[in-house]
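Structure first, then comments.
Numbering (the UniProt record's numbering), first residue to last: 1 to 270.
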């Protein structure tokens, strides 16, 4: 999505806190967060409120004008009428405002849906979640938002089903006590030097079935889903991942009678 005009930007930013305005621009126009310049204007109104916006189409730069206090108000009244001192102190206030905005919105850093993208891996590390398995930024925010409620269901069928749905967007079916393949018959003459299945029974086995064709899913997503299943399953169980099988086309039967002659490698001739 591209910024159409300056009026569009003003409607979505004016009146908001600077922090919230920057987040809105980032969410609606990805990649523009590094193209935002903030100019602080002295005002008696509460600080850090956007009062005007400018957009340069050529340089694709966004300029937000926000309210700010001036340190001169802390000086005796005799100094407050000095214009040079007023502008000089405003330079330092600009520098301090960046830190003040961060401190004022420190609580938002710990909210997955509002924290900056660069802080998401830190949140994932605190929650004990492998950030690489979450996929894109939107999916990562969604998973981290529900991480704490899902902790009470970790290692259960319900918890794994919810987590896989958040990551893939598809509701899987988890079947306990079942294998995704049929039994393998081995003759007595076959020599086996290693175990094929280290299972005495199917009590500690489960299958995660996705009702879609594997060809319709991204290969990276399939790998991440498999790693999630292996990392979230109970230690004493074995989990298998499988997908919807494509329909096998029935072959037309060929009737061979006594009038048909074999023509070698070229085929058959009647």
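Glycine included, C-beta positions come from ideal geometry on N, C-alpha and C.
- Per DSSP, reduced to three states, the secondary structure at residue 100 is helical.
- Sorting 156, 31, 162 and 246 by C-alpha distance to the C-alpha of residue 145 places 162 at the top.
- Within the stretch 55-142, the complete alpha helix (DSSP H) segments at least 4 residues long are 83-104 and 120-126, listed from N- to C-terminus.
- 8 Å or more divides the Cβ of residue 9 from the Cβ of residue 45.
- Residue pairing by DSSP places residue 33 in no beta bridge whatsoever.
- DSSP lists 49 as the bridge partner or partners of residue 17.
- Assignment of residue 159 by DSSP, reduced to helix, strand and coil, places it in the helix class.
- By a beta-carbon distance limit of 8 Å, residue 225 contacts residue 168. Their separation comes to about 6 Å.
- Contact between the stretch 51-70 and the stretch 118-134 is not established, with fewer than three Cβ pairs separated by less than 8 Å.
- With 16 or more other Cβ atoms inside 10 Å of its own Cβ, residue 38 counts as buried.
- Annotation: residue 104 to residue 203 spans about 53 Å, alpha carbon to alpha carbon.
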